[in-house]
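>
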Amino acid sequence: MKQYQLGEFEEIVLLTVGILHGNAYGVTIKQEIETRLGREVSVGALQTTLRRMESKGFLDSKKGETSSARGGRPKLYFTITPYGKKAIEFTREQRNDLWNALPDLVLKLN
Amino acid sequence: MKSREKKIPRFPFALLRWLCKPDYFSDIAGDLEEFFWIRVREKGYRRAKRHLLKDVILLLRPGIIRIGFPKNNYLNMFKHTFKITFRNFSRNKSSVAIKLISLTTGLTSLLLIYLWVLDEYQVNRFFQSSDRLVQVLQNEFNPNGVDTDESTPAPLANALMSDLPEIERAVAVVPYEWFEGEKLILTDSDSKFLSSKNIFAGREFFNIFSFELIRGQREEVLSKKNTVVISQQLAENLFNSTDVVGNELEWIHDDYGGKYIVTGVFRKPPENVTMKFDAAFSYQNFMDSDEDLSLWTESDPNTYALLKDASSLATVNSKLTDYLKSKNEHINDQLFGQLLSTRYLYGTYADGIQQGGRIQYVKLFVLIAIFILLIASVNFMNQSTAKASNRMKEIGVKKTMGASRNALAFQYLVESLMLTIFSLLIAVILTILLLPYFNLITAKSIQFQPDFFMLGSLLAVALVTGLISGSYPALFLSGHSPVDALKGKRNINLGEKGIRKGLIVFQFVIAIILISGVMVVYKQVDLIQSKNLGYNKEQIIAFNTSILQSGADTDRNISEKGIEMLLQRLKNTTGVVNASNFAHNIIGDYGTTTDLSWPGMEKNQTSLFANVAAGYDFIETMEIKLKSGRSFDRAFSTDHEKIIFNETAIRKMGLTDPIGKKVNLWGQEREIIGVVEDFHFDKLYQKIEPLFINLTTGSFASQIMVKIGPKNQKATLGKVEEVFKSFFVSGLPFEFRFLDDHYQELYAQEIRTVQLLKYFTLVAILISCLGLYGMAAFVAEQRNKEIGIRKVLGANFWGVVKLITGSFTGLVLISIIIALPVAAYLLQQWLEGFSYRIELSPLFFVMTALFTLIIAWVAIGFETVKVALSKPLDALKEE
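For the protein sequence lines, the chains are A and B, in the order given.
Everything in the first sequence is counted per my numbering, starting at -9 for the first residue and increasing by one.
Everything in the second sequence is counted per my numbering, starting at 14 for the first residue and increasing by one.
#1: Could you name the residues that DSSP lists as bridge partners for Leu348 (chain B)?
#2: Among B:Asp670, B:Asp176, B:Val278, which residue has its Cα nearest to the Cα of Gly687 (chain B)?
#3: Determine the direct distance from the alpha carbon of Glu876 (chain B) to that of Val805 (chain B), and round the result to whole angstroms.
#4: What residue range is occupied by the uninterrupted alpha helix (DSSP H) comprising Gly469 (chain B)?
#5: For chain A, check one thing: does any of its Cβ atoms lie closer than 8 Å to the Cβ of Tyr58 (chain B)?
#6: Let's test the definition: count the other Cβ atoms within 10 Å of the Cβ of Asn419 (chain B) and tell me whether it reaches 16, buried, or not, exposed.
#7: With three or more C-beta pairs closer than 8 Å as the rule, is the stretch 376 to 394 of chain B touching the stretch 107 to 126 of chain B?
#8: For Ala61 (chain B) and Leu432 (chain B), I'd like the C-alpha separation in whole angstroms.
#9: For Ile873 (chain B), collect the residues of the same chain with a Cβ closer than 8 Å to its Cβ; drop the 5 residues on either side in sequence, then sort them by chain order.
#10: Pull up the CB-CB distance for Val375 (chain B) and Val538 (chain B), whole angstroms please, since I reckon it's below 8 Å.
#11: Can you list, in chain order, the residues of its chain whose CB lies under 6 Å from that of Lys272 (chain B), leaving out five sequence neighbours each side?
#12: Using three-state DSSP, classify Leu95 (chain A) as helix, strand or coil.
#13: Which residues in chain A have a C-beta closer than 7 Å to the C-beta of Ala27 (chain B)? List them in chain order.
#14: For Trp50 (chain B) and chain A, any beta-carbon pair shorter than 8 Å?
#15: Any chance the stretch 247 to 262 of chain B sits against the stretch 278 to 286 of chain B, with 3 or more Cβ pairs inside 8 Å?
#16: Kindly indicate if chain B contains any beta-carbon less than 8 Å away from that of Thr25 (chain A).
#17: Out of curiosity, what's the CA-to-CA distance linking Lys665 (chain B) and Ile212 (chain B)?
#18: Return the chain-ordered list of same chain residues with a C-beta closer than 7 Å to the C-beta of Gln520 (chain B), the five sequence neighbours on each side being excluded.
#19: Should Lys56 (chain B) go down as buried or exposed, given a rule of 16 or more other Cβ atoms within 10 Å for buried?
#20: For a quick check, are the C-beta atoms of Phe68 (chain A) and Tyr(-6) (chain A) less than 8 Å apart?
#21: So, for Thr567 (chain B): in the same chain, excluding its five sequence neighbours on each side, which residues have a beta-carbon less than 6 Å away from its beta-carbon?
#22: Is Glu428 (chain B) close to chain A? Criterion is C-beta to C-beta, closer than 8 Å.
#23: Could you give the DSSP three-state label for Ile706 (chain B): helix, strand or coil?
#24: Quick one, are the C-beta atoms of Gln148 (chain B) and Leu353 (chain B) less than 8 Å apart?
#25: Locate the beta strand (DSSP E) running through Thr240 (chain B), then write down its first and last residues.
#26: For Pro22 (chain B), which residues from the same chain have a beta carbon less than 7 Å from its beta carbon, with the 5 sequence-adjacent residues on both sides left out?
#27: Are Val676 (chain B) and Leu609 (chain B) touching if we call contact CB-CB under 8 Å?
#28: Go ahead and pull the three-state DSSP assignment for Ser107 (chain B).
#29: Let me know the secondary structure DSSP gives Leu73 (chain B) once reduced to three states.
#30: Quick check on Met405 (chain B): buried or exposed, where buried means 16 or more other Cβ atoms within 10 Å of its Cβ?
#31: Enumerate in chain order the residues of its own chain whose CB-to-CB distance from Gly370 (chain B) is below 7 Å, with the five nearest sequence positions on each side excluded.
#32: Taking Leu704 (chain B) as the reference, give the member of B:Gln716, B:Val689, B:Phe713, B:Ile717 with the closest Cα.
#33: Straight-line CA distance for Arg85 (chain A) to Ile2 (chain A)?
#34: List in chain order: all unbroken beta strand (DSSP E) runs of 3+ residues lying wholly within the stretch 278 to 349 of chain B.
#35: With a threshold of 8 Å between beta-carbons, can Lys76 (chain A) be considered close to chain B, or not?
#36: Looking at chain A, is there any beta carbon in it that lies within less than 8 Å of the beta carbon of Arg74 (chain B)?
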């Protein structure tokens, strides 16, 4: 199951692409993460992660419309592939397994 | 929200476009621009700008930027260029071979000469502060002119240190050459005897000369009397150890003999230090040996000074000029300083003025190197330009296919650069392989240690040659219109052919100058070697006497009686023709004096006479011819009060019928008993000087010369050695030298120069002929059809030969006409330096001209004959 393994930031990006459903491109993904999680995301980090996940097959991309605000350059929309869905579900199951295994006592004590 | 004055900065995008993967650029740039305008709205223009740059910089990470070159057409074009280059090379094998051989030999010669010059330049620059290390020289004004000498007054060094504030330290050194002809034997108290090169050196010696001391402190080693610093090698030979500080050794010598304590051991300096010695003795011992040494009128040791500041040499020199006069008003000699590091190359003085020296050889060879490289480059260029016009069709096709002019130019430049770089590589390898032989000829031990400067300049030379010779086809031919090129219309202007012819003439002018130079130099050196010297230098061996065998308590040095006994024993040896004893060195070093007066001498007239101190049979052994009178003879017991002059001396004194007349030498009356014919006791550069032979039978003239018969030389030498061994302590080798060899050594420089000149001239001729051969082949190819038609119309073999040879012969003749006057002028200049020189006869130049013509014809001949014999059909069938 190694191939499904996602990094923390990868997981966030993948989920955000899912949340934005159909409107996920560089600008919106960055803004969504920043507003929802309150953390700064650099374009560099985001782009590297997007491209990496695309090359792994978790994401798919297609060219969209242009606008004058973009200097006439097309947007690149990302969508989650079925393989990407599997990966995100796998990550979630892993987390759940871990939560289930955690004794209640531990949380109370801390 | 775009406002007009607020424009999005371009630089970050340019940077991103340059570095980012091309596929990613457009959408990332779009995102960035969108962010930018959002930020302009929220945070202001300036912060948005800053943020944009930050974003771009953060984008420069492995996932985004491109690595390596894009795979596009450039690379393919590049590959294509190389492919075409190799195809071209294999199509024009002979042309490429000519270019390669020419340039390789040219570069190899350049490299070898560069290494040689570098080695010459490095001499005596080994010392740490060689930029302010000065040797003090003395101009002596004698009746024959000004002599510049290394000998200076013995107290000078110490006086300079206290008198001149510009001088940091100074030292007096008595060089080992000072003892030449004397035996220098060291012993560790009688069990071992070694001969060594000894010097005396003042206490500052090791502070001034940065020889490496393995044992002992620089400040202390020579500060006390009876101390000695020896070389590591000598220490090992004498004591089998280098840890010898405190050990005693004995120097067996009439004046300086005695026990010395070893205070230090030094490591042998590299070969390029001219100061050679095995043992440095305390200068105090030298000073104490003779009271006269403290006089300013005597000149013995060499003096070296270390300036505080390298720039103060002129000031020091102005103070030195009258320095001796300030010490003793009767002294007219003048002192001056010269940097020790320049002494080697600029060491010759004539009448007190610096006049070249070895630098002349250095300059000569630099010139030759440049000449050879030029000749080689000419070949390269001629071949490139000639062959280029054969490629017009290629250019036409390429242009039709859309190749740009730049691409074509690039093709030609790559071709010639590849060749030059390749030949540079071969040249470096060749140099490394040839270096041992080169060292043999030059008597050097040069090693190939490439430095950045050398490699850089070599690369520059190769690149410039490649660029220049490649630039003609690259820039000119590539400019043709494709239609013209395809039609084969050669827009060859007259200039191109003219340039090629001019280059050939230039090449041959240089070659002819070199050829005539070698001929004349060779003849001159031959003259010197076979010149009748006035004595017979063949089959004479000379050796020093050594430590007598018997008795350690009695005087171990040979006495007058001992020398006589030895001479008699030698004379009785079979195979020995004659034997005599002498002092100094018959060719080169000899004493001189002005303390001689003769009847009829004008008042205040002084003349310098050379003093040859020699025993009985000297004139006979050397086969010097007697003009009148008799030689010294054992039958007369009073011959020590007699004297023999040479003809020049008699002429100088103006004596007629000199035999029986009396002269006064060193305050003693001497009767002239004989006059010898002039003989050359000095380099042939100098004229014969007045000379007298002074009968000396004592230990002062303790060198022995033996004339051996022509038969069984080896056996005779063995017997002479037996006599030597029976006389002197064992352990010391029998070291003898042939007078002939010694003589050769005097001219070693000239001989080596001629050798080198010969080789490099050969290279120059070879390259020139190669070029001529190449051009003949080119012309034959060009005129192939013409010759075919001529043959069909009835031209015969000789007609064709004349056709091709004719134009080249004309070129060679023009070269001869230009070169010979230049060569004659240059050689006349060179010959001026010799007092005995060959005459420059027209024959030399006729021979040079003939020789050049013949080799030129041979070079053209191959191609010419091939074309002349070919069937006209072969030439005409193709179109």
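Glycine included, each C-beta is placed from N, C-alpha and C at the ideal position.
Let's see:
#1: Looking up residue 348 (chain B) in the second sequence gives position 335. When DSSP reads this structure, Leu348 (chain B) sits in a beta bridge with B:Gln151.
#2: Start at 1 with the first residue of the second sequence, and residue 687 (chain B) comes out as number 674. By alpha-carbon distance to Gly687 (chain B), the top candidate from B:Asp670, B:Asp176, B:Val278 is B:Asp670.
#3: To locate residue 805 (chain B), count along the second sequence from 1; it is residue 792. To locate residue 876 (chain B), count along the second sequence from 1; it is residue 863. Cα-Cα distance, rounded: 20 Å.
#4: Reading the second sequence from its first residue, position 456 is the one you call residue 469 (chain B). 465 to 484 is the span of the alpha helix (DSSP H), which, as asked, contains Gly469 (chain B).
#5: As a first step, residue 58 (chain B) is located in the second sequence; it is residue number 45 there, counting from the start. The C-beta of Tyr58 (chain B) comes no closer than 8 Å to any C-beta of chain A.
#6: Position 406 of the second sequence, counted from the first residue, corresponds to residue 419 (chain B). Exposed, by the Cβ-count rule.
#7: Below 8 Å, enough C-beta pairs join the stretch 107 to 126 of chain B and the stretch 376 to 394 of chain B to call them touching: three or more.
#8: Locating residue 61 (chain B) in the second sequence gives position 48, counting from the first residue. Locating residue 432 (chain B) in the second sequence gives position 419, counting from the first residue. Using only the alpha carbons, I get a separation of about 55 Å.
#9: Counting from 1 along the second sequence, the entry for residue 873 (chain B) is found at position 860. These residues qualify, in order along the chain: Leu785, Tyr786, Ala789, Ile817, Thr818, Phe821.
#10: Residue numbering aside, residue 375 (chain B) sits at position 362 when the second sequence is read from its first letter. Residue numbering aside, residue 538 (chain B) sits at position 525 when the second sequence is read from its first letter. Under the criterion of beta carbons closer than 8 Å, Val375 (chain B) and Val538 (chain B) do not qualify as touching, at roughly 19 Å.
#11: In the second sequence, counting from the first residue as 1, residue 272 (chain B) sits at position 259. Excluding sequence neighbours, Lys272 (chain B) sits near Glu261, Glu263.
#12: Along the first sequence, read from residue 1 onward, the residue named residue 95 (chain A) stands at position 105. Assigned with DSSP and collapsed to three states, Leu95 (chain A) falls in helix.
#13: On the second sequence, position 14 is the one that residue 27 (chain B) refers to. Under the 7 Å cutoff, chain A gives no residues; its nearest Cβ is about 13 Å from Ala27 (chain B).
#14: Reading the second sequence from its first residue, position 37 is the one you call residue 50 (chain B). It does; some Cβ of chain A falls within 8 Å.
#15: With contact defined as three or more Cβ pairs closer than 8 Å, the stretch 247 to 262 of chain B and the stretch 278 to 286 of chain B are in contact.
#16: In the first sequence, the residue the question calls residue 25 (chain A) occupies position 35. Not closer than 8 Å to any Cβ of chain B, the Cβ of Thr25 (chain A) fails to qualify, so no.
#17: Residue numbering aside, residue 665 (chain B) sits at position 652 when the second sequence is read from its first letter. Residue numbering aside, residue 212 (chain B) sits at position 199 when the second sequence is read from its first letter. So the alpha carbons of these two residues sit roughly 38 Å apart.
#18: As a first step, residue 520 (chain B) must be located in the second sequence, where it is residue number 507. Closer than 7 Å at the Cβ level, and outside the excluded window around Gln520 (chain B), lie Ile388, Val391, Ser781, Gly784.
#19: Position 43 of the second sequence, counted from the start, is the residue given in the question as residue 56 (chain B). When all chains shown are included, Lys56 (chain B) counts as exposed.
#20: As a position in the first sequence, residue 68 (chain A) is number 78, starting the count at 1. As a position in the first sequence, residue -6 (chain A) is number 4, starting the count at 1. It is not a contact, given that the beta carbons lie outside the stated cut-off.
#21: In the second sequence, the residue the question calls residue 567 (chain B) occupies position 554. At Thr567 (chain B), the pLDDT of 49 sits below 50, so the modelled position is not reliable; the number obtained from the coordinates is stated separately. Only residues of its own chain outside the window of five on either side were considered, and among them none has a CB closer than 6 Å to the CB of Thr567 (chain B).
#22: Your numbering for residue 428 (chain B) matches position 415 in the second sequence. Interface with chain A (8 Å Cβ-Cβ cutoff): Glu428 (chain B) is excluded.
#23: In the second sequence, the residue the question calls residue 706 (chain B) occupies position 693. It is a strand residue.
#24: On the second sequence, residue 148 (chain B) is found 135 positions in, with the first residue counted as 1. On the second sequence, residue 353 (chain B) is found 340 positions in, with the first residue counted as 1. Less than 8 Å separates the beta-carbon of Gln148 (chain B) from that of Leu353 (chain B).
#25: Counting from 1 along the second sequence, the entry for residue 240 (chain B) is found at position 227. Where Thr240 (chain B) is concerned, the enclosing beta strand (DSSP E) stretches over 240 to 244.
#26: Taking the first residue of the second sequence as 1, we reach residue 22 (chain B) at position 9. Scanning its chain for C-beta atoms nearer than 7 Å, with the 5 sequence neighbours on each side dropped, one finds around Pro22 (chain B) the residues Lys62, Leu65, in chain order.
#27: On the second sequence, position 663 is the one that residue 676 (chain B) refers to. On the second sequence, position 596 is the one that residue 609 (chain B) refers to. In contact: Val676 (chain B) and Leu609 (chain B) (Cβ atoms closer than 8 Å).
#28: If you number the second sequence from 1, residue 107 (chain B) lands on position 94. Ser107 (chain B): helix per DSSP, three-state reduction.
#29: Counting from one through the second sequence, the residue named residue 73 (chain B) turns up at place 60. Looking at Leu73 (chain B) - three-state DSSP - the assignment turns out to be coil, as it is neither helix nor strand.
#30: The sequence position of residue 405 (chain B) within the second sequence is 392, counting from 1. Counting of Cβ neighbours within 10 angstroms places Met405 (chain B) among the buried residues, the total reaching 16 or more.
#31: The residue you call residue 370 (chain B) lines up with position 357 of the second sequence. So the list reads Leu358, Tyr359, Gly360, Thr361, once near-sequence residues are dropped.
#32: Reading the second sequence from its first residue, position 691 is the one you call residue 704 (chain B). Looking from the CA of Leu704 (chain B), the closest CA among B:Gln716, B:Val689, B:Phe713, B:Ile717 belongs to B:Val689.
#33: Residue 85 (chain A) sits at position 95 when you count from the first residue of the first sequence. Residue 2 (chain A) sits at position 12 when you count from the first residue of the first sequence. It is roughly 14 Å from the alpha-carbon of Arg85 (chain A) to the alpha-carbon of Ile2 (chain A).
#34: Complete beta strand (DSSP E) runs here, min 3: 292 to 295, 315 to 320.
#35: Locating residue 76 (chain A) in the first sequence gives position 86, where the first residue counts as 1. Interface annotation, Lys76 (chain A): not in contact with chain B, CB-CB separation never under 8 Å.
#36: Position 61 of the second sequence, counted from the first residue, corresponds to residue 74 (chain B). Against chain A, the CB of Arg74 (chain B) has a partner CB under 8 Å away; the residue lies at that interface.
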